[in-house]
Amino acid sequence: WNVSLDGKLMGATEYATGNMAVIETATGACRPLTNYGQWNQKNGFVDEGAISRDGKWLAAWHYKSAQEGEIRVTGTDGAGERTVYVRRRLQHSEWGMPKDWSPDGKTLLVQFEHETEQRQGTTEFAAVSVADGSVRVLKSTHYTSRYRPKFLYSPDGKHVAWDYPPSGDTTDGDLIVMPAEGGREARIAASPGHDQLFGWTRDGHILLLSNRTGRNGLYLVRMRNGTQAGEPEELRANLPRISPVGIAGDGTLFYSEGVRIGNAMSADIDLSTGKAASSPAPLVARYPNSTEAATWSADGRFYTVQRLTADLDRTVFLIHDTVAGTTREISTPFRRHMRARVTWSPDNRFLLTSGDTPGVTGIFRVDVATGESRRLGQGGGVYLEWSRDGRYLYKVGGSTRNQILQEDTQTGQVRTVYEHDKLVRRFALSLDGKLLAFVSGGWSDTELCPLLVLDLASGQVRKIDEGMYSHTPSHAAWTPDGKALVTLRSGGQAQRFWV
98 WNVSLDGKLM GATEYATGNM AVIETATGAC RPLTNYGQWN QKNGFVDEGA ISRDGKWLAA
158 WHYKSAQEGE IRVTGTDGAG ERTVYVRRRL QHSEWGMPKD WSPDGKTLLV QFEHETEQRQ
218 GTTEFAAVSV ADGSVRVLKS THYTSRYRPK FLYSPDGKHV AWDYPPSGDT TDGDLIVMPA
278 EGGREARIAA SPGHDQLFGW TRDGHILLLS NRTGRNGLYL VRMRNGTQAG EPEELRANLP
338 RISPVGIAGD GTLFYSEGVR IGNAMSADID LSTGKAASSP APLVARYPNS TEAATWSADG
398 RFYTVQRLTA DLDRTVFLIH DTVAGTTREI STPFRRHMRA RVTWSPDNRF LLTSGDTPGV
458 TGIFRVDVAT GESRRLGQGG GVYLEWSRDG RYLYKVGGST RNQILQEDTQ TGQVRTVYEH
518 DKLVRRFALS LDGKLLAFVS GGWSDTELCP LLVLDLASGQ VRKIDEGMYS HTPSHAAWTP
578 DGKALVTLRS GGQAQRFWV
C-alpha cells in the first residue's frame, strides 16, 4: 500500500476481516471501507492495493477463488465501489496488485503474477485503464516468488520506475525506469548490491534503498527526463531493514519495519474433558516473543521451534531433546513460509517444511544432526506430511488446491491419491501411516468445514465431524494410540473424536 500526496491517508487491508480500509496517519485509526464479512469466499477479500494521489480513491485486488479475481476501486468515503478489471487468464492462476495511480487518476500501475503454481511463472508490469479495464503490458519477465516491489509513476506521469531481480535472486534487485507509454527500459544507479525503489521526490528525483556498501542506506538519485543525472548520494546510512510505504508531498517518508512476534507454548490437556490440565508455558523461555512453529517428534522425545530473527532470508530452528535436556540451534539458507507446517521424519533425523531460496520455492529437508538442508520435490506446500518409510511426501495440489498428492522423493513421480470437491486443508497422518485426516472448506463464515479421514490404501473417505463455521478451521492431531483425533475449537477448548 502507499500514502496520499498530502500524507493524511494510507491505504490498507483490514487483516482482521479482509476489507479495504484507510489509516489516518495522524491518529493511526483504521477505518474499513467495504463490508465483505470475515475472510470468506462468498464475498471475497482484498490484498495489496494503492490509494490515489488526491486521497479520494482506493484500488485493490479482490479475491474469491483461484478462478475469480478482479481489481476493485472504492472511494475513501466508503462510496462508489466498482470493478474496473476482471482476470484475463482463465486456464491458469492470476494475481494482481495495484501499485500506483497516475497523476490524472485515469490509470493504475499493476503488478500481475501468472501461473505461479507452475515451476516457471511470469510477472507483468502493466498499466490498467480505470475507465474500461484495458491492459497495456510494459514489461513481462520471470516470476520471482514473493517479490512485490514499488511500481510508481513519476510526478509528471511521463515515466514509471520499479525494481526487480534479473536472476530471480530476491537479494539482488535492480532499479528500472521506463517511459510511461512503453519503450526502452534503463537500469538506474547500478550496483552489485540489492537496490530497492523507495519513491519519486516531488521534483522528479528517485529515492532508493541499497546495501551497495555492505550496509543498508537511503540514497538520492538525481534524474533528468527519465535518465540518471549523477551518482547516487547517500542520505542516511546504517538503516535497519525497512520496507518503503511512500513519500508525501512535503517530503515526509513513510515506511514499515516488520517485526514478527510469537511465543511457542506448551500445556497439558485432559482429553476426557477437553480442557487444559496445566497453564501454558513457553517452550523456549530464553527467547521471549521470538518463537513459533512448534512441532513434536512422533515419539515425543524431541520438539523443534523456529526462532524469529532479524534475518528474514534464513530460518533458524531450535532442536530440544527432552531426555538429554539440551537445545541446539540450526540455521538454514531458506525462508520458511509463514504458514508452512514443520514435520519430523519418522526416524527423527530430518525436518520437513516449505520455503524460499533466491528465485526458488520448494520443499526442504533439514538434517537435524548436521543442519544441512536439501530441496525435495516440486514447488512448495503449506500442508505437508511424510510417509512413515520416509519415501513419499503428501501435499495439496491442483489449481484450486482440492487434490491430495503423493510425491516419490526418489523418482520425482507425482500421483493424485484423492480429489475433493472443495479446498483441502490441515493435514494429519496417522502414526501407522494408513490414514490421513484433513479439514475441507474455504474461507466462508457461512460454510461448515468438516473433518474427514482418507484411507490411503482404498481411497475411501469418512466424515468424522461436521466441523464448525470458521474461516480458519482447526488443525487436527492423532492421539498416540492412533484411535482418536484431537481438534482445537474456537474458545480454546480441545475436542476428541474416535476414529
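Residues are numbered in our numbering as their position in the sequence shown, beginning at 1, plus a constant of 97.
Backbone N, C-alpha and C fix where the C-beta goes; we use that ideal spot for every residue, glycine too.
As the structure is a computational prediction, the values presented were derived from the model and not from experiment.
Item                                                                                                                     : Value
Stretch pair the stretch 149–161 + the stretch 374–385: three plus CB contacts closer than 8 Å                           : no
Tyrosine 566 versus threonine 401 - alpha carbon distance                                                                : With a pLDDT of 47 at tyrosine 566, under the threshold of 50, the modelled position of that residue is not reliable, and the figure given next carries that caveat. When rounded, the distance between both Cα atoms is 31 Å.
Boundaries of the beta strand (DSSP E) in which methionine 435 is found, first to last residue                           : Where methionine 435 is concerned, there is no enclosing beta strand (DSSP E), given that its DSSP letter is neither H nor E.
Per DSSP, the bridge partner or partners of glutamine 500                                                                : Gly494, Glu516
Sequence-distant residues of its chain with Cβ nearer than 6 Å to asparagine 313 (five each side left out)               : Leu336
Beta-carbon proximity of methionine 320 to isoleucine 339, cut-off 8 Å                                                   : no
Where arginine 256 sits in the DSSP three-state scheme                                                                   : The residue you asked about is not arginine; residue 256 is histidine in the sequence shown. Note: histidine 256 maps to strand in three-state DSSP.
Beta-carbon proximity of leucine 315 to leucine 332, cut-off 8 Å                                                         : yes
Beta-carbon proximity check, proline 443 vs glycine 487, cutoff 8 Å                                                      : yes
Extent of the continuous beta strand (DSSP E) to which asparagine 99 belongs                                             : Note, asparagine 99: premise wrong, no beta strand (DSSP E); not H, not E.
Where lysine 372 falls, given that 16 or more other Cβ within 10 Å makes a residue buried                                : exposed
Methionine 194 beta carbon less than 8 Å from that of phenylalanine 351                                                  : no
Unbroken stretches of the beta strand (DSSP E), 3 residues or longer, contained in the stretch 117–175                   : 127–129, 142–148, 154–162, 165–172
Spatial neighbours of arginine 404 in its chain, beta-carbon cut-off 8 Å, leaving aside the 5 residues before and after  : Val381, Tyr384, Ser387, Thr388, Val413, Phe414, Leu415, Glu426
Helix, strand or coil at aspartate 292 [DSSP, three-state]                                                               : strand
Assigned secondary structure, alanine 283 (DSSP; H/G/I helix, E/B strand, else coil)                                     : strand
Own chain partners of glutamate 282 with C-beta closer than 6 Å, once the 5 adjacent residues on each side are dropped   : Ile273, Met275
Same chain only: Cβ atoms within 7 Å of leucine 212, ignoring 5 sequence neighbours per side                             : Leucine is not the amino acid found at residue 212; the sequence shown has glutamate there. Closer than 7 Å at the Cβ level, and outside the excluded window around glutamate 212, lie His189, Ser190, Gly218, Thr219.
Bridge partners - histidine 211, DSSP secondary structure assignment                                                     : Glu191, Thr219
Valine 493 vs isoleucine 501 beta-carbon contact at 8 Å                                                                  : yes
Local conformation of proline 577 per DSSP, three classes                                                                : coil
As assigned by DSSP and simplified to three states, the class of valine 420                                              : coil
Residues that glycine 459 bridges to, as DSSP identifies them                                                            : Gly452
Residue environment, isoleucine 358, which counts as buried when at least 16 other CB atoms sit within 10 Å              : exposed
Close Cβ partners of lysine 105 (< 8 Å) along its chain, the five nearest in sequence each way excluded                  : Glu121, Thr122, Ala123, Gly152
Spatial neighbours of aspartate 271 in its chain, beta-carbon cut-off 8 Å, leaving aside the 5 residues before and after : Asp260, Tyr261, Pro262, Pro263, Arg284, Ala287, Asp292
CB of alanine 554 within 8 Å of CB of lysine 519, strictly                                                               : no
Contact check, tyrosine 182 vs glutamate 210, beta carbons under 8 Å                                                     : no
Per-residue DSSP class, three states only, for proline 379                                                               : strand
Nearest to alanine 147 (by Cα), restricted to the options Glu165, Ala421, Gly175, Asp197                                 : Asp197
Within 8 Å, strictly: CB atoms of leucine 682 and leucine 473                                                            : Residue coverage of the chain in this structure runs from 98 to 596, which leaves residue 682 outside it and unanswerable.
Cβ shell of alanine 345 (< 8 Å), same chain only, five flanking positions each side left out                             : Val100, Ser101, Leu102, Asp103, Gly104, Phe351
CA-to-CA distance, proline 246 to arginine 446, given in whole angstroms                                                 : 38 Å
Residues bridged to alanine 373 (per DSSP)                                                                               : Ile366
Distance between valine 225 and alanine 176 (C-alpha atoms, nearest Å)                                                   : 21 Å
Separation of serine 484 from threonine 506, as counted between CA atoms                                                 : 11 Å
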